[in-house]
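As structure tokens, the structure follows; a few thoughts come after it.
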Amino acid sequence: MSSSAVVWDPALLGYDMGGDHPFNPVRLRLTIELATALGVLDDVPLLVPGPASDELYRAHAPGYIEAVKEAPMAGWDVGHGLGTADNPIFTGMHEAASLVVGSTLLGARSIAEGKARRAVSIAGGLHHAMRDHAAGFCVYNDVSVAISWLLDNGFDRIAYVDTDVHHGDGVQAAFYGDPRVLTVSLHQHPFTLFPGTGYSAEIGKDDAQGTAVNVPLPPGTKDAGWLRAFHAVVPSLLAEFRPQILVSQCGVDSHEEDPLADLSLSVDGHRTIYETLRGLADRFADGNWLAVGGGGYQLLRVVPRSWTHLLATVLDRDVPARTPLPSRWTDLVRELAPHAELPQVMGDGGETGYAAWGDGIDDAVDIAIRDTRRAVFPLHGLDPDDPRD
Ligand SMILES: [Zn+2]
Numbered sequence: 020m021s022s023s024a025v026v027w028d029p030a031l032l033g034y035d036m037g038g039d040h041p042f043n044p045v046r047l048r049l050t051i052e053l054a055t056a057l058g059v060l061d062d063v064p065l066l067v068p069g070p071a072s073d074e075l076y077r078a079h080a081p082g083y084i085e086a087v088k089e090a091p092m093a094g095w096d097v098g099h100g101l102g103t104a105d106n107p108i109f110t111g112m113h114e115a116a117s118l119v120v121g122s123t124l125l126g127a128r129s130i131a132e133g134k135a136r137r138a139v140s141i142a143g144g145l146h147h148a149m150r151d152h153a154a155g156f157c158v159y160n161d162v163s164v165a166i167s168w169l170l171d172n173g174f175d176r177i178a179y180v181d182t183d184v185h186h187g188d189g190v191q192a193a194f195y196g197d198p199r200v201l202t203v204s205l206h207q208h209p210f211t212l213f214p215g216t217g218y219s220a221e222i223g224k225d226d227a228q229g230t231a232v233n234v235p236l237p238p239g240t241k242d243a244g245w246l247r248a249f250h251a252v253v254p255s256l257l258a259e260f261r262p263q264i265l266v267s268q269c270g271v272d273s274h275e276e277d278p279l280a281d282l283s284l285s286v287d288g289h290r291t292i293y294e295t296l297r298g299l300a301d302r303f304a305d306g307n308w309l310a311v312g313g314g315g316y317q318l319l320r321v322v323p324r325s326w327t328h329l330l331a332t333v334l335d336r337d338v339p340a341r342t343p344l345p346s347r348w349t350d351l352v353r354e355l356a357p358h359a360e361l362p363q364v365m366g367d368g369g370e371t372g373y374a375a376w377g378d379g380i381d382d383a384v385d386i387a388i389r390d391t392r393r394a395v396f397p398l399h400g401l402d403p404d405d406p407r408d
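Read in order, the letters of the sequence shown correspond to residues 20 to 408 in this note's numbering.
This is the structure we're talking about:
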């Protein structure tokens, strides 16, 4: 078994946008509670992060960091995307957002220092934050900071794969001209969802052309279609790019019950995605895998199960989908939400078999597959029209 680091501290629950904002930290709390109740975290020492400070400047403008620090005192009109419905200002915002960055950075450090081959920071994945402004519930971009840090600490080929339902725009923007970082995002089509970017034609610039990859999927895409698209694009690129580490953003708002988006994956689909990422990291990235969380707004029924599978997969303690939910956990959820209708087991009965692209069947996702392959495969020496590539 390879060594794996889990970064967690209850202080991460302080990233709380309050009221009925969808980015509710209860999803993290219930994930850790569920993983604990199932024994996934037995004998796993949790790494306790500290807040990032100077490292924030890797991904953010000084003026923006100042604005975040001062926002709770300054009132609502501070600019930089702060004080909006999506990104409300809250007390301790700078400190809480810095701790999220510190969490993902600690995972990256554990791998860079050889203490772990894999690390997981479920509080991370704030992929929409931009250099100079907050966006999409994200204040600081923990992923961009961690990738930048890795580039200065022994890694010069990094693959980032983003499976959140939204385009990983902040991370893509941070490395759009950097050929050392391959960013791949599979997401619901930008015509139909925030942030409105992530077209196949966004491929990177200058000598980094081909190192931004986007797969915009039609609303309603299910596990089989999603996995068909993933396998038609991602493994070939990783095989050519040969990263030294795989960084994956594992947002679970692609679930069919997610209230903010319209893809139709199941928890079983998410579980399969994590297994696949683990296999790709082992095969193409020297076994180095840094996994972070991300979106996911079905707080009780989906996120805790999906991210428990993520923790379990990172730890090689895979939990079968038929595993019953422990009563210790369901009792806790009923205390918080007495009327919630909870699932019985760790899966949804989702169908995760898929037909490989190139089988002659015309699937709804094949437009995205063809567009994406034609946009970037030739830049990697791959034939976009040959299913063997
Ligand atoms: Zn999202």
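Glycine is no exception: its CB is placed at the ideal position from the N, C-alpha and C atoms. Keep in mind it's a predicted model, so treat the numbers as computed, not measured.
* **Euclidean distance between Cα positions of Pro-70 and Gly-33** => 12 angstroms
* With a threshold of 7 angstroms, establish whether the CB of His-289 neighbours any heavy atom of ligand 1. => no
* To do: Spell out the partners DSSP gives Thr-103 in its beta bridges.
  => Note: Thr-103 sits in no beta bridge, so no partner.
* To do: Check the DSSP bridge columns for Gln-268 and list the partner residues they point to.
  => Asp-181, Val-311
* So is Leu-31 buried or exposed if we call it buried at 16+ other beta carbons inside 10 Å? -> buried
* Asked: By the 10 Å Cβ neighbour count, where 16 or more other Cβ atoms means buried, how is Leu-355 classified, buried or exposed?
  -> exposed
* To do: Would you list the one or two residues that DSSP bridges to Leu-201?
  => Ala-178
* Alpha-carbon spacing of Leu-296 relative to Gly-94, whole angstroms -> 43 angstroms
* Asked: From which residue to which residue does the alpha helix (DSSP H) around Val-119 run?
  -> 112-131
* For Arg-400, which option in Pro-362, Leu-257, Thr-342 has the closest C-alpha, if you only look at C-alpha atoms? -> It should be noted that the sequence gives Gly, not Arg, for residue 400. Among Pro-362, Leu-257, Thr-342, the Cα nearest to that of Gly-400 belongs to Leu-257.
* **Closest by C-alpha distance to Leu-169, when choosing among Gly-58, Val-253, Leu-265** => Here the closest residue by C-alpha is Leu-265.
* To do: Can you have a look at Ser-22 and say buried or exposed, based on whether 16 or more other CB atoms are within 10 angstroms of its CB?
  => exposed
* Mind checking who Lys-134 pairs with in its DSSP beta bridge? => DSSP, once it has assigned bridges, lists no residue as partnering Lys-134.
* The beta strand (DSSP E) spanning Pro-235 covers which residue range? -> Residues 231-236.
* Could you pull out every residue in the same chain whose Cβ sits closer than 6 angstroms to the Cβ of Arg-77, ignoring the five residues on either side in sequence? => Val-164, Ser-167
* Asked: For Asn-172, does the count of other Cβ atoms within 10 angstroms reach 16, so buried, or fall short, so exposed?
  -> Result: exposed.
* **Cβ-Cβ distance between Trp-308 and Arg-128 below 8 angstroms** => No, Cβ-Cβ distance for Trp-308 and Arg-128 is not below 8 angstroms.
* When you compare only the Cα positions, how much space is there between Ala-86 and Ala-220? -> 34 angstroms
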